[in-house]
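So for the sequence shown, this note's numbering puts the first residue at 8; every next one is plus one.
Data block below; observations after.
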Amino acid sequence: NYPLLHIVSKKHKPDFTILSYGGTVQVITEAIKTLFYTKDLIAQAFFLTQIHPINTNQLSQILEAVAQTRFVFLVEEGSVSGGFSSQMLSLLVENAKHPLKCYRIGSLPMPIPVASELEKQTLVNANQIIETIVEKLYE
């Protein structure tokens, strides 16, 4: 079994849930801190270390936590089309006992450039995550 990292406040109920994996951990933690300090929003986050096959015990743990917030943001390293977030979204919707509001956040829908400056502009970033979460929570 591969571990599932779950970050959650022990003192406060989270306002939303983020699901992701891999290299997005740093930008997500940056976004979580900024959302807390600037908007007083509290997140819980799950980072999967194995994305295929999805461990059913871990899926149950995620579903239980997501039921508390009902807002789920799936952050993808690549394009959201046909990737991890699409698969997780379908599993969440198929198995949730309550209605969920699910949103995918990912890199631009194009090949990732080799040039580092262009790569930074293409990959998902903390500002994109923050803007999407704020927009969707307050619409």
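C-beta atoms are modelled at their ideal positions from N, C-alpha and C, and glycine is treated no differently.
With a minimum length of 4 residues, the unbroken runs of alpha helix (DSSP H) contained wholly in the stretch 99 to 137 fall at 123 to 129. For residue 79, the uninterrupted beta strand (DSSP E) segment begins and ends at 78 to 82. Proximity to residue 43 across 11, 53, 23, 65 peaks at 23, based on C-alpha coordinates. At the C-beta level, residue 57 and residue 25 stay beyond 9 Å of one another. The Cβ atoms of residue 54 and residue 11 sit closer than 9 Å to each other.
For the pair residue 82 and residue 113, the CB atoms are nearer than the 9 Å cut-off.
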